[in-house]
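Worksheet: one structure, shown below.
Residue numbers (UniProt numbering): 1 to 746.
Pasting the structure below:
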């Protein structure tokens, strides 16, 4: 009888793939063996049902698996009489590491039942539970995880060894007799009794709790208690940034409007935070000025038990000092979070790596923060990159994230925070070493942002490897191209790139561009008229500065004087005139700030990045469609926003609601940039339009631009962030494209 050796590549470890193969082998009457190794899953098999067996490997794969390839060759060796699951072979990382997965329905039912795992906060199986957050090395076996510290009891060991059990080779398998434990700690003392019930009582009483989860700590309180939320904000020095919420599905339905797509995303094994329209039921202090709330379902048994016991909606925000990375260790939490939390809900399973919650939208689909549940998923590199070298790309300064390429795949790293913070910069260094070791990555070149002051750029240049510098907005464009599978030789595109700031080749700070080019190179065809950023970085924190310069450019200094009487306008104007700490910038983000300031939104200052723009977008949620927006005049290659200011002032004088004014601004900005990109496509120069940059997280702007591009091929972000969290992917493919040679197609 013919025998074959089968190689299955993809996300096939830690997802129950071997027991799935074993069960298929019984069904199709095969003999042989299956094992994990550095390349994925290996199978040697013989029997009359081979053809059906091979087809089923892809068609019926486990829910968490992603099968990239099934390779079949003749096998001439000896096979066992039955079908066995063999030990893992070797080390290395040609295979895929599975992200952490939310508690499955079977485990959720089990913890609410009467069996030995009733109420057990660390229940899991091959279909759910921790993966990346507990992994120390490959292959993915228990000895290579933080569960190695918990020897299995006889009952768990029997489940682990039984191929017919859903816990067969579930590496974190545990129960109350042998696994991690949960306890509540107040003032350094363990509290006797049910830790979850005690925690729920404290939350109902208005306390703030520090809760250890999968990838770090959360700070939690009762979302319906304005005093508790205000206390958390005061203690954390987080005056207005929206707070994430967690509750069971029925409770969430009471505070946000959930579409079918929202529910599908919430129920996804990645269990991200999902942005959904607010019903305006919860206190305003939860998300001041926002029309949406970020909500998530419980994604660990511990969260399920706490949500059941509490019964309502919890604030569940990152447990960290402002600007620092999320806390992960118990001792670190006691040291850093004791000033925030009235009690600690702790456990004794170590966290191998820090992972924030992912943040996403369902409609239109987009990832705003790529982290727990999504990392370390991979993307196939586009056609033409098959021979690309291994590249390590290090991203930018804000929303730090790295990217590795290897064997036709891109591996974007998880969100690391802003590298301005020293501890986030330390986390960046650890992540580079961690990913390289975990995925057996041996870079042949390093890709970095062209800004010499970025910490990631400096780190890349210190590695002693060939370095490719990539301009910030070219990286944005290339990231969107790569995510959408645009071929290396796919031709030129027109890219609308709108964000805060990034260094351009002319030495100014870009942020409102229409680029023309491909992976290898680009030209800047159109851009927003530059304005000085008075005070440098202060301009990003104090929107009045941006309004002042834009109104002065438009010949309306009297309106600026009337709007900002208490600000140092004369000094600001002198700095702008002399170019003292006032770099020129075409930033679309700062234009949003200027419009917001004229509407008295965050005029004096923003407490978090993008606050003014987010509040401005929130106003449009209830505004009627205005058709045409405020005009931005195209003079040659520059979009001049001067005409919008007198039109806006007239609308204010006539008493138009701020919602209508915000809508007209979004519509006008979108129409202007879409019109320029359309020219490039309709002339035959560009083959498609790319939309990238952090401003495209704004769904109203995105829809305005897409409306202006109707009928054209448009590429946008869905799987990777449009913001700086996606830069490293773009850097990686630009560096790879240049290394492969060939001429720029523009």
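Yeah, the Cβ is synthetic: ideal placement off N, Cα and C, and Gly gets one too. Remember, it's a predicted structure, so these values are computed and weren't measured experimentally.
Remark: C-beta atoms of residue 271 and residue 520 do not approach each other more closely than 8 Å. Beta-bridge annotation (DSSP): residue 640 is paired with 633. Contact between the stretch 228-243 and the stretch 333-348 is present: 3 or more CB-CB pairs across the two stretches fall below 8 Å. By alpha-carbon distance to residue 192, the top candidate from 570, 638, 451, 345 is 345. Straight across, the Cα-Cα distance linking residue 440 with residue 99 is about 18 Å. Bridge partners of residue 184 according to DSSP: 345. For the stretch 129-184, not one full-length beta strand (DSSP E) segment reaches 3 residues or more. Comparing alpha carbon positions, the residue from 673, 390, 566, 148 closest to residue 352 is 148. Assigned with DSSP and collapsed to three states, residue 712 falls in coil, not helix or strand. In terms of CA proximity to residue 275, 362 leads the group 219, 214, 362. Residue burial annotation: residue 13 is buried, with at least 16 other C-beta atoms found within 10 angstroms of its C-beta. The alpha-carbon of residue 511 is positioned some 25 Å away from that of residue 683. Assignment of residue 372 by DSSP, reduced to helix, strand and coil, places it in the strand class. A straight-line Cα-Cα distance of about 32 Å links residue 323 and residue 308. Between residue 585 and residue 501 a beta carbon distance of about 6 Å is seen, short of the 8 Å cut, so the two are scored as contacting.
Cβ-Cβ separation between residue 664 and residue 629: approximately 5 Å, consistent with a contact (criterion under 8 Å).
Note that the stretch 567-578 does not touch the stretch 478-487; fewer than 3 beta-carbon pairs, one per stretch, sit closer than 8 Å.
Of the residues 531, 278, 638, 563, the one whose Cα lies closest to the Cα of residue 549 is 531.
Residue 438 is positioned such that its CB atom lies no closer than 8 Å to that of residue 215. Annotation for residue 212: no alpha helix (DSSP H) segment contains it, though the beta strand (DSSP E) segment containing it runs 209-212.
Residue 619 counts as buried, since no fewer than 16 other beta carbons sit within 10 angstroms of its beta carbon.
For residue 245, the closest of 285, 269, 261, 492 by C-alpha to C-alpha distance is 285. Contact between the stretch 219-231 and the stretch 362-381 is absent: fewer than three C-beta pairs spanning the two stretches fall below 8 Å. Of all alpha-carbon atoms in 5, 24, 489, 146, the one lying nearest the alpha-carbon of residue 77 is that of 5.
In the three-state reduction of the DSSP assignment, residue 301 falls in the helix class, which pools H, G and I. Around the beta carbon of residue 399, a 10 Å sphere encloses 16 or more other beta carbons of the protein chains shown; the residue is thus reported as buried. When DSSP reads this structure, residue 584 sits in a beta bridge with 532. A straight line joining the alpha-carbon of residue 335 with that of residue 172 spans about 28 Å.
In terms of CA proximity to residue 384, 742 leads the group 17, 11, 742. The three-state reading of DSSP puts residue 20 in helix, counting H, G and I together. Using a C-beta cut-off of 8 Å, the stretch 664-681 makes contact with the stretch 490-498, since at least three inter-stretch Cβ pairs fall below that distance. Secondary-structure assignment with DSSP links residue 516 through a beta bridge to 494, 523. If only complete runs of 3 or more residues are kept, the UniProt domain "Acylphosphatase-like" (3-87) shows the beta strand (DSSP E) at 3-11, 31-37, 40-46, 66-74, 83-85, in order along the chain. Beyond the five residues adjoining it in sequence on each side, residue 654 comes within less than 6 Å, by CB distance, of no other residue in the same chain. If the five residues before and after residue 247 are omitted, its C-beta is found closer than 7 Å to the C-beta atoms of 307, 312, 313, 314, all from its own chain and listed in chain order. In the three-state reduction of the DSSP assignment, residue 658 falls in the helix class, which pools H, G and I.
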